[in-house]
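The C-terminal residue of the sequence shown carries number 375 in full-length UniProt numbering, and the numbering is unbroken.
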Amino acid sequence: MTEDFQFTLRARDGGARLGEISTPRGIIRTPAFMPVGTAATVKAMYPGQVRELGADVVLGNVYHLMLRPGAERVAQLGGLHRFMNWPHNILTDSGGFQVMSLAKLRKLDENGVTFQSHIDGSRHQLTPERSMEIQRLLGSDIQMQFDECVKLPCSHEEAERAMRLSLRWAERSRKAFGEQPGRACFGIVQGGAERDLRIESAKTLSDMDFGGLAVGGLAVGEPQDVMLAMIETVMPHLSEHKPHYLMGVGTPDDLLESVARGIDMFDCVMPTRAGRHGLAYTRWGKINLKNAKNADDPRPLDPMSTCPAARDYSRAYLHHLMRCQEILGMMLLTWVNLAYYQDLMVYAREAIAQGRYDDYRAEVKENWARGGEPG
């Protein structure tokens with residue numbers, strides 16, 4: 001462990017990077033997938049399970065935690081790590097995306113966003129300064145700048161307006177973050193699907209004193225090729241000595257392709273949300289356990305998996321649980337999916353270290369093409 005926040009690049013294989021983020025709370029091995037614990041819980045999982053799967057860091061969210069139970073209350077109870085019984089690293093998203101996507105009524109201006117809670121209609125204001133104050137109260141190890149995320153597609157004019165506002169908010173966020181030894185503040189590259197705006201945003205943020213740089217505003221409805229093109233556009237303008245975080249992404253294929261282009265960190269609700277709705281991610285591709293064809297199938301999802309949920313329960317039983325809407329089914333499939341996502345990153349790190357990442361990516365996709373039939 002270290003008293004400082006540090007990023008060390010261990011190896012490269014083409015664009016793919018193997019590294020480590022060191023904080024006083026431990027090492028984050030990169031490429032890393034961060035399970036989403038939006039409201040201080042990774043849904044349907046015990047904290048110890050999440051750790052045993054290999055997660056070095058989980059994500060919490062300013063918007064949800066400020067509404068319930070409140071940042072000041074969490075601070076009084078000893079901080080977010082103690083509150084959720086997770087002594088390892090925590091990254092908090094600034095709340096900007098959720099304000100835009102969840103709040104009932106909102107008014108945005110230069111100062112910040114005034115909005116009504118999607119829970120009870122109560123009125124709140126989030127500014128760069130308040131977002132950073134909340135993250136400090138929560139005690140998160142990595143804190144994100146407050147930004148505006150626009151929906152795609154959008155006009156160049158709208159993307160530019162939001163990007164420039166986000167840059168001004170980045171300066172205010174970094175100033176409000178101040179000096180917090182052992183913690184880091186990340187800037188967020190915006191600019192929609194516009195190459196010139198993405199480049200300008202990346203260059204400007206790289207000149208600021210951020211501990212890491214994130215690419216935001218993607219995986220919001222645009223095709224994968226647009227997302228990958230934006231990553232390729234900004235990557236030459238991001239410092240190679242800082243971690244690169246792609247926010248809110250994504251499918252297993254998104255992860256593999258983004259790692260190949262230099263992304264170090266990911267988060268997404270997909271594996272947990274899919275598990276609660278009966279969809280399993282496996283080495284053989286996606287398997288919908290609600291489908292009737294699984295009702296008489298005695299096979300496990302993957303007999304070679306290290307995850308007991310994938311190895312020790314039949315597809316027929318998992319189908320039964322989901323058809324009956326039993327909580328255990330949601331728990332088991334969430335476990336399966338998070339295990340699969342962590343395994344993707346484990347083997348990606350090994351492949352980069354061995355200089356065979358392209359081969360690894362091809363092997364994974366070949367297994368998916370088999371369509372759910374081990375062989």
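C-beta atoms are modelled at their ideal positions from N, C-alpha and C, and glycine is treated no differently. All of these numbers come straight from a predicted model, not from anything done at the bench.
DSSP has residue i in a bridge; who is on the other side?
i: residue 223; result: Per DSSP, none; premise fails for residue 223.
i: residue 61; result: 93
i: residue 143; result: 92, 185
i: residue 115; result: 106, 124
i: residue 300; result: 314
i: residue 430; result: Outside the displayed range of the chain (1 to 375) lies residue 430, so it cannot be described from this structure.
i: residue 249; result: The partner list for residue 249 (beta bridge, DSSP) is empty, contrary to what the question assumes.
i: residue 244; result: 213
i: residue 340; result: Looking at the DSSP assignment, residue 340 forms no beta bridge with any residue, so it has no partner.
i: residue 279; result: 288
i: residue 13; result: 16
Around the C-beta of residue i, are 16 or more other C-beta atoms found within 10 angstroms, so that it is buried, or is it exposed?
i: residue 264; result: buried
i: residue 191; result: buried
i: residue 101; result: exposed
i: residue 306; result: exposed
i: residue 295; result: exposed
i: residue 378; result: As displayed, the chain neither begins before 1 nor continues past 375, which places residue 378 out of reach and without an answer.
i: residue 275; result: buried
i: residue 207; result: exposed
i: residue 291; result: exposed
i: residue 14; result: exposed
i: residue 277; result: exposed
i: residue 225; result: exposed
i: residue 375; result: The predicted position of residue 375 is uncertain, since its pLDDT is 43 and thus under 50; a value taken from the coordinates is nonetheless stated next. So residue 375 counts as exposed.
i: residue 30; result: buried
i: residue 52; result: exposed
i: residue 324; result: exposed
i: residue 351; result: buried
i: residue 231; result: buried
i: residue 166; result: buried
Between residue i and the ligand HEM, is there a pair consisting of the residue's CB and a ligand heavy atom that are separated by less than 6 Å?
i: residue 359; result: The ligand HEM is not among the ligands present in this structure, which contains no ligands whatsoever.
Would you grab the beta carbon distance between residue i and residue j for me? Rounded to a whole angstrom, and I think it's under 8 Å.
i: residue 272; j: residue 338; result: 7 Å
i: residue 314; j: residue 303; result: Residue 314 to residue 303, Cβ: 11 Å. No contact.
i: residue 243; j: residue 3; result: About 18 Å separates the two Cβ atoms, so there is no contact after all.
i: residue 199; j: residue 234; result: 7 Å
i: residue 357; j: residue 16; result: 4 Å
i: residue 239; j: residue 213; result: 7 Å
i: residue 237; j: residue 202; result: 4 Å
i: residue 105; j: residue 115; result: 7 Å
i: residue 246; j: residue 266; result: 6 Å
i: residue 20; j: residue 10; result: 6 Å
i: residue 45; j: residue 335; result: 7 Å
i: residue 80; j: residue 32; result: Contact doesn't hold; Cβ gap of about 19 Å is too wide.
i: residue 111; j: residue 23; result: About 32 Å separates the two Cβ atoms, so there is no contact after all.
i: residue 435; j: residue 142; result: The structure shown does not extend to residue 435, since the chain is modelled only from 1 through 375, so no value can be given for it.
i: residue 221; j: residue 293; result: About 31 Å; that fails the 8 Å criterion.
i: residue 370; j: residue 284; result: 5 Å
i: residue 63; j: residue 113; result: That belief does not hold up - the Cβ atoms of residue 63 and residue 113 are roughly 10 Å apart, past 8 Å.
Could you give the DSSP three-state label for residue i: helix, strand or coil?
i: residue 320; result: helix
i: residue 399; result: Outside the displayed range of the chain (1 to 375) lies residue 399, so it cannot be described from this structure.
i: residue 124; result: strand
i: residue 97; result: helix
i: residue 20; result: strand
i: residue 386; result: Here the chain has residues from 1 to 375 only, and residue 386 is not among them.
i: residue 109; result: coil
i: residue 135; result: helix
i: residue 435; result: Since the displayed the chain opens at 1 and closes at 375, residue 435 lies outside it and no answer follows.
i: residue 154; result: coil
i: residue 234; result: helix
i: residue 273; result: helix
i: residue 80; result: helix
i: residue 357; result: helix
i: residue 29; result: strand
i: residue 375; result: In this prediction, residue 375 has a pLDDT of 43, which is less than 50 and means its spatial position is unreliable; what the coordinates show is noted afterwards. Reduced to three states, the DSSP call for residue 375 is coil.
i: residue 202; result: helix
i: residue 48; result: helix
i: residue 369; result: coil
i: residue 329; result: helix
i: residue 176; result: helix
i: residue 254; result: helix
i: residue 345; result: helix
i: residue 169; result: helix
i: residue 293; result: helix
i: residue 163; result: helix
i: residue 308; result: helix
Problem set entry | Three or more C-beta pairs below 8 Å linking the stretch 128-144 and the stretch 191-200 | no
Exercise. Are at least three pairs of beta-carbons, each pair with one atom in the stretch 83-95 and one in the stretch 36-46, less than 8 Å apart?
Worked result: yes
For this session: Say whether the stretch 50-68 touches the stretch 160-177, bearing in mind that this needs 3 or more beta-carbon pairs closer than 8 Å, one atom from each stretch.
Result: No: fewer than three Cβ pairs fall under 8 Å.
For this session: Report yes or no: do three or more beta-carbon pairs, one from the stretch 243-261 and one from the stretch 304-312, lie closer than 8 Å?
Result: no
Problem set entry | Three or more C-beta pairs below 8 Å linking the stretch 117-127 and the stretch 157-166 | no
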